[in-house]
Structure formats: structure tokens, C-alpha cells
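Asker:
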Amino acid sequence: MADMEIPDYDTVTDHAAAQEAKRLVGLYPGNRLKKFSICGNSYWLKRSDRPAIYPVGKLLHGIASPILYPPIIKSSPLRSAVKRTEDEFAKSKALNAVGIPSPPITLVTPTVFIAPDLGQTLYDKISEFLLSHDHQSIDALLRRATASLGRLHAAGLIHGRPNLRDMFEHQSGDIGFFDFEEVPERSMPFADAAARDFWLFAFQLAQYSSSRESAIEALLVWVALAPREATKRVAVYYHDLKTIMYLARFVSKIKSGRDLRQFIGAYDLISQAIEANPKQWHYTKEDAEIEKYSRNKPNIVHRVWYYFCSFPIFSISLIRLTTLVFE
Ligand SMILES: Nc1ncnc2c1ncn2[C@@H]1O[C@H](COP(=O)(O)OP(=O)(O)O)[C@@H](O)[C@H]1O
Ligand SMILES: [Mg+2]
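Take 253 as the starting number for the sequence shown in the working numbering and just add one per residue.
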């Protein structure tokens, strides 16, 4: 929508901030993000037309996505900067509409917006707790973040990349979200997109929780709140990944990077939680039977595709998904 309407500003301060943002865009045309203050208020300016990461990997992933299977490894659709701004604006509104905190966004141009400064992100807070060895506070914060993610999914919404750097503590005490760059719900069913959000978040639980027990406790907070079809999809993917995990563990023995370690860590947590109580994840015996059948299809073409094509693509896509958390 190239002619996206820039609404009238709600307050004089919004108007002044938008004018200042326009001036800063002119002064620093290469900057994607800029924090500034005006009339005693702090804001962040963000430009959707300045990509954060080198887009080749994203582009290739986007082009290959229609033939990727299972759906969780598809990429978010490739969109113009105007569309990305519009989506960010809409999602922020949608979250607020269901009572999940998200910063009110003010459009400055069709590809530039400003949002009030939210203070520290959860990543900043956890980094501070780590310095003071306050692991109890980290665990408590992670549980609240997982609960918020569960409520977001229960409301039928997807974050896309629930990174601790994109979460904040609202004055109400609830954990809020911002930075809705990814819209996986457009390229896969809702349940898969929610399961993807959860896996991405589980990487961080694996990294920062003080113990396996507290990480699993946090995982189960999400399970209790999220829609049952989403928890079931997590269980389905857990089973799907079993074979590839042998490969992942083998590779990690030869060359262990942080991404792979976190991926294995998250898988092990989810594995332990599901094996302890599959019913809690709404994963039934019938689901297991259907899956077993589809994996062992007697069709040779299907098998060749699965082992020789889909496997490497699956691994590459998983690596890209992992980099979404750690970039
Ligand atoms: N409104 C805001 N309040 C506080 N910090 C912000 C805000 N907007 C951005 N930031 C900071 O800048 C970082 C990057 O901004 P973000 O919108 O997440 O862009 P990116 O797409 O590069 O991740 C955030 O992780 C956070 O540290
Ligand atoms: Mg971000």
C-alpha cells in the first residue's frame, strides 16, 4: 500500500516527535534505529527500509519456501518496506487490543515510525541479573515472559521472533512485545507459527534458565496457556526432529557452535517435558500412529525426497531459524 495514510498525530508531543524524527532521517539517512528525546520524552525511530541483516539468506529462504516441508521451516513472506511498516503498526495495535502490552507506534512516513522508549528490554534485565548472579530473578522473569507468549498465542496472535531483546516489562507488571519483523502466520498455519514462536523462545530458556527444572517449569507455563493445536504441533515437530538430532549431536561433537548447542539444549528440554506427559501437550496415540504411517510411506519417491532433498534443506532452514534468535 504505497499510499499508506499517515494519520493525524494524537498529541502535540507526537507531532513534535514526528517532526524531529523527519529531521533525524535527513541527518542520518543510513541509520536504521535512532533513539532521541524531545519535550522531555524519549523515543526510538525505526526505518523499515534499512534491513538489519544482509538479506541474501532471507531472500533465498523466501524463494525456496513454497516447496519447503514441514511448514515450520518456511520463511516469512518477503514484503516491501511499506508493507513491513504497515504490518508492524497493525500487529502492535492487535496486541494492545487483547491487553498484551506493545508500544504505541506513530507513523512518520510510510517506511519510518517512532515508538516511545520502553526502557530496558528483558535481555538487558537478564544481563544485569547475570552480572549479580541473581538466577532466581532470571527464572522468574522467564516464566512471566513465557506466560505472556502463551497469552499472545491464546489470543490468536503470533510474535514471529520472540527474542528477549524484543520484550519489555510494562508498568502493569505484564511482559510486552515489540519488533514484529517476521510474520510466519502468513506462510504457515497458525498452529505451526505458534509452535515456531515457542521453539525460538525455548532456545533462550535453554540458555538462561538456572536449571533444567526451572526451564521445564517455564515451558509448561506456555503449555497451560497456549491453544491445544499449537502444543500438539510442538510435540509433532519434536518427533519429526528425532532423526535429525542424531546428526546434530554428531556434528556438535566435531564442531560445537553456540547455535547448535542451544538448539540441542532446547530440544532436550522439550523432549523431557513431552516424554514426561505427552497428554499435557494434547499429543495422542492416534497422532503418533498417523505420523508413523506418513514417515514410513511405502512410496519410494517420497522416501528419496525425504532423505536426500528434504533433509539437507530442513537442516539449512533450521540453521536460519536459529540465527533469528542469535543474530
Ligand atoms: N521503543 C523501544 N524502547 C526501548 N528499546 C528499544 C525500542 N525500540 C528499539 N529498542 C532497542 O533497539 C533494539 C533493536 O530494535 P528492534 O525494533 O528490535 O529492531 P531489530 O529489527 O534491529 O531487532 C531493541 O532490541 C532494543 O534494545
Ligand atoms: Mg529486535
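The beta carbon of each residue, even a glycine, is placed where N, CA and C say it ideally should be. All figures in this text were calculated on a predicted structure; none of them were measured in a lab.
1. Compare the beta carbon distance of A525 and L471 with 8 Å and say whether it is the shorter of the two.
2. Cα-Cα, which of K298, E465, R485 and N293 is closest to K274?
3. Is the separation between the beta-carbon of L374 and that of F420 shorter than 8 Å?
4. Is it buried or exposed for T358, if we count other Cβ within 10 angstroms and need 16 for buried?
5. Considering only residues of the same chain and omitting the five flanking positions on each side of K326, which have a CB-CB separation below 6 Å?
6. Any heavy atom of ligand 1 closer than 7 Å to the CB of L382?
7. Ligand 1 heavy atoms versus the CB of F365: any closer than 7 Å?
8. Output the distance between the C-alpha atoms of M253 and A447, rounded to the nearest integer angstrom.
9. Measuring straight from C-alpha to C-alpha, what distance separates F218 and A342?
10. Which whole-angstrom value is the C-beta distance of L521 and A454, which I expect to be below 8 Å?
11. By DSSP's criteria, N348 is part of a beta bridge. Which residues make up the other side?
12. Any heavy atom of ligand 1 closer than 7 Å to the CB of P355?
13. Exposed or buried, which one is Q271 when buried takes at least 16 other CB atoms within 10 Å?
14. Please name the residue in N415, V277, P353 and Q459 whose C-alpha comes closest to that of L382.
15. By the three-class DSSP mapping on this structure, what secondary structure does R331 have?
16. Report the rounded CA-to-CA distance for H491 versus M497, giving the unit in angstroms.
17. Comparing alpha-carbon positions, which option in S328, A304 and P322 lies nearest L312?
18. Are D339 and V435 close, meaning C-beta to C-beta below 8 Å?
19. Report the start-end ranges of each beta strand (DSSP E) in the stretch 357-407 that is 3 residues or longer and not cut off at the edges.
20. If S344 and S332 are in contact, beta carbons under 8 Å, what's the gap, nearest whole angstrom?
Answerer: Let me spell this out:
1. yes
2. K298
3. yes
4. buried
5. S317, L320, S439 and M440
6. no
7. no
8. Note that M253 scores 44 on pLDDT, short of 50, meaning its location in the model is unreliable; the coordinates nonetheless yield the value given after this. Rounded to the nearest angstrom, the two C-alpha atoms are 30 Å apart.
9. The requested residue 218 does not occur in the structure, where the chain is confined to residues 253 to 579.
10. 6 Å
11. Per DSSP, none; premise fails for N348.
12. yes
13. exposed
14. Q459
15. coil
16. 10 Å
17. S328
18. yes
19. 358-361 and 364-368
20. Not really, about 19 Å apart at Cβ, beyond 8 Å.
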